[in-house]
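Taken in sequence, the protein lines are chains A and B. Heads up: the first sequence at position 196 corresponds to 218 in this note's numbering, and the numbers run straight through without jumps. Heads up: the second sequence at position 389 corresponds to 393 in this note's numbering, and the numbers run straight through without jumps. We put the CB at the ideal spot given by N, CA and C, even for glycine. Small disclaimer: the values here were computed from a predicted structure and weren't measured.
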Amino acid sequence: MAYAYLFKYIIIGDTGVGKSCLLLQFTDKRFQPVHDLTMGVEFGARMITIDGKQIKLQIWDTAGQESFRSITRSYYRGAAGALLVYDITRRDTFNHLTTWLEDARQHSNSNMVIMLIGNKSDLESRREVKKEEGEAFAREHGLIFMETSAKTASNVEEAFINTAKEIYEKIQEGVFDINNEANGIKIGPQHAATNASHGGNQGGQQAGGGCC
Amino acid sequence: MSGHKCYSWELQDRFAQDKSVVNKMQQKYWETKQAFIKATGKKEDEHVVASDADLDAKLELFHSIQRTCLDLSKAIVLYQKRICFLSQEENELGKFLRSQGFQDKTRAGKMMQATGKALCFSSQQRLALRNPLCRFHQEVETFRHRAISDTWLTVNRMEQCRTEYRGALLWMKDVSQELDPDLYKQMEKFRKVQTQVRLAKKNFDKLKMDVCQKVDLLGASRCNLLSHMLATYQTTLLHFWEKTSHTMAAIHESFKGYQPYEFTTLKSLQDPMKKLVEKEKKKSSRRENREAVAQEPRQLISLEEENQHKESSTCQKEEGKSVPSSVDKSSADDACSGPIDELLDVKPEEACLGPMAGTPEPESGDKDDLLLLNEIFSTSSLDEGEFSREWAAVFGDDRLKEPAPMGAQGEPDPKPQIGSAFLPSQLLDQNMKDLQASLQEPAKAASDLTAWFSLFADLDPLSNPDAIGKTDKEHELLNA
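Below is the structure:
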């Protein structure tokens, strides 16, 4: 299927926060309660529409276990957006955000859009991290913030789409160089075809004009 | 056609076999690489190491248990040997004492025999400690050869799986460097590595859990073993000490009343010339003291202080070195007590035997009392001449020349030795014979008693408060 752009996403965060569940909910619209460890990385993809353009999101769901940390670092390279996930029912996952953020900023390009996600918002009774704390952390580090629930699908779509919108805006502003794949953006066949058709018409007119 | 199909299947199967061989070779390569990293002590991935921190802590505990159990086993063996040696030596000594005791027919011989028997008994009882120690050693050895060995095998298997798992992680890291999910070949390669990592991790996690559980059990069982075996050993040790101490105590009781031998050792031989010089000096100092006493009878009360000051200065001059002021006064007293002892006609050896021979000079409270007495004397109407006359009338002139009164058993009376303080009450004791003689003469008796009472009315004015500050004439009027 044709797309204008391909955005590479990376999902990072502590083990068991619900990274794989967010991906599964976004790509397959289902929730798997059994926690199965991710070995290195898993992949998912989905097409979304922004500003009338088809954009393919290539999502890299990384392993949160510490033994895979050095492997996941190699996946940051060439990512346009990152979803930094913590579990609102586990304080330690929120406390480790700084480490994850430093890692992401160090091993990825500086323009990468990072969204902070407080997952498992359905477990309100077991909440250990207030929403205000998440918002404050995001504000402090220049991130977008959202609370989601992979179980109820609350804010899952919005999280991925809002990140894509932010990346798209940066492309429009010229912050991202779309010709450099290191930025995590690939120009799709649709965009190439559109450019070619526009370029052909212009060229034809000019040529025609020239002939006449 | 079918043959062709069959051939194609054979090819496919062969390709699969080749793939598995390549796969195995690659797996072995990364495993060997990891083993090499570990063997050479190169720095491993810090995150991988950190993820195994709890396991490493358990392994540290296991190695500690292993090491300490080996040390304990060696220590028990050594302890048993030493118990045997000690028991042997004790027995030898016991036998020797008994044999010597039989030859000696005195009380000392009996003591030697009793002690010898006790030592032989103690050596036999000490050997009883070997039973729980042997049992303890057997238990420790069983623990080492079964429990520790079993855990050691599990640890070795776990270490093998850990190397395999870490090798697979290295492989995955290598594959991840240029990973593109859109490229089928790369993804196929990655999936192969991922499967390998998953399998290695599964095995490693299982063995990791086993090791952690086994080490915990090992620690607990070691505690049980030690508490059980040491309790048995301690009980035996307690019985040994109880029996031995009981025997020793009984012998000690039977020894009561036995007079121990006393040995006197000559530490140095004095030069006779030096002795003569010292005697001369002592005589001259004695003369000075007598003159001082004759001139000022009131100073008899504080005679000790005076003498101490004088003698300490003379001692310092004689020795040719100054005594530091911080030195305890009692030591100065000991050094300079000779002349005072001579003044009282008490031998230095006897003076030392006194119950308070080394007492320091009177404290400030005592000094205040002496000052008070002096004040009372000064307020008294009796001048020095009258006092000395009355004193002479009662005690006679040669009061200081009298030797120290002897006790019932021919030993010097201890009273004059008390701190070498020369008080009137002591003079009374010293001249009791003179007093008795004067009382026996009926003609003199009345006058002697009057003199006696008048003297002590002055010495102790508190017994007659009205007499304080009054003249002799007034005394006589009051008496009349």
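When we look at the beta-carbon of residue i and count the other beta-carbons within 10 Å, is it buried (16 or more) or exposed?
i, result
"C340/B", "Only weak support is given to the placement of C340/B: the predicted model assigns it a pLDDT of 46, under 50, and the value that follows is read from those uncertain coordinates. Result: buried."
"A204/B", "buried"
"E246/B", "exposed"
"K218/B", "buried"
"M213/B", "exposed"
"Y188/B", "exposed"
"L157/B", "exposed"
"V159/B", "buried"
"K30/A", "buried"
"S424/B", "At S424/B the pLDDT is 49, less than 50, meaning the model places this residue with poor confidence and gives no usable figure here."
"S130/A", "buried"
"T268/B", "exposed"
"S289/B", "buried"
"I32/A", "buried"
"A254/B", "exposed"
"V331/B", "Because the pLDDT of V331/B is 45, which lies under 50, any placement of that residue in the model is unreliable, and the number read from its coordinates should be weighed accordingly. Exposed, since its Cβ has fewer than 16 Cβ neighbours within 10 Å."
"F100/B", "exposed"
In the DSSP assignment, find the unbroken alpha helix (DSSP H) run with residue i in it and report its ends.
i, result
"A204/B", "188-259"
"G156/A", "153-163"
"N95/B", "57-107"
"H141/B", "134-146"
"K41/A", "41-50"
"T121/A", "119-129"
"S92/A", "91-94"
Short check: CB of residue i to CB of residue j, under 8 angstroms?
i, j, result
"D58/A", "Y108/A", "no"
"K51/A", "D83/A", "no"
"V135/A", "T185/A", "yes"
"K192/A", "S171/A", "no"
"L138/A", "G164/A", "no"
"Y25/A", "Q76/A", "yes"
"G206/A", "G100/A", "yes"
"Q84/B", "G171/B", "no"
"V215/B", "L59/B", "yes"
"C124/B", "N95/B", "yes"
"I34/A", "T94/A", "yes"
"R102/B", "K121/B", "yes"
"L123/A", "L106/A", "yes"
"G105/B", "S127/B", "no"
"S258/B", "A118/B", "yes"
"C165/B", "L211/B", "yes"
"R226/B", "F147/B", "yes"
"S132/A", "K177/B", "no"
"W175/B", "V144/B", "no"
Considering residue i, what are the terminal residues of the beta strand (DSSP E) in which it resides?
i, result
"A186/A", "That residue, A186/A, is in no beta strand (DSSP E); its alpha helix (DSSP H) goes 178-195."
"R68/A", "63-72"
"D154/B", "D154/B -> not in any beta strand (DSSP E); alpha helix (DSSP H) instead, spanning 153-180."
"E169/A", "166-169"
Could you check if residue i belongs to the surroundings of the ligand SAM, using beta carbon to heavy atom distance under 7 angstroms?
i, result
"G100/A", "What this structure holds is no ligand at all, so the ligand SAM is not there to describe."
Checking the sheet assignment: what are the DSSP bridge partners for residue i?
i, result
"N141/A", "D109/A"
"A80/A", "The identity of residue 80/A in the sequence shown is Gln, whereas the question assumes Ala. Bridge partners of Q80/A: K30/A, A67/A."
"A104/A", "I32/A, I136/A"
"Q207/A", "The question names Gln, but residue 207/A in the sequence shown is Ile. Partner(s): F29/A."
"K75/A", "I72/A"
Quick one, which of the options has its alpha-carbon nearest residue i's?
i, options, result
"E153/B", "R139/B, I80/B, F259/B, C73/B", "First, the amino acid is wrong: residue 153/B is Ser here, not Glu. The residue with the shortest Cα to Cα distance from S153/B is C73/B."
"I189/A", "A104/A, L46/A, P211/A, S130/A", "A104/A"
"F90/A", "D56/B, F66/B, Q70/B", "D56/B"
"V197/A", "F48/A, A102/A, I32/A", "A102/A"
"Q142/B", "A172/B, L76/B, T251/B", "L76/B"
"L242/B", "L82/B, R130/B, M116/B, V52/B", "R130/B"
"S52/B", "G86/A, M168/A, A160/A", "Strictly speaking, residue 52/B in this sequence is Val, with Ser absent from that position. Comparing Cα-Cα distances from V52/B to each of G86/A, M168/A, A160/A, the minimum goes to G86/A."
"Y98/A", "Q198/B, D184/B, V197/B", "D184/B"
"A175/A", "Q54/A, G38/A, I34/A", "Q54/A"
"E150/A", "F182/A, I110/A, S92/A", "I110/A"
"L133/B", "Y169/B, E163/B, Q104/B, R86/B", "R86/B"
"V56/A", "F29/A, S130/A, C43/A, F159/A", "C43/A"
"D114/A", "E169/A, G140/A, Q194/A", "G140/A"
"S147/A", "A158/A, F159/A, R112/A", "R112/A"
"G74/A", "N177/A, L46/A, R127/A, Y27/A", "Y27/A"
"Q70/B", "Q107/B, F100/B, H149/B", "H149/B"
"T49/A", "F182/A, K187/A, I209/A, P211/A", "F182/A"
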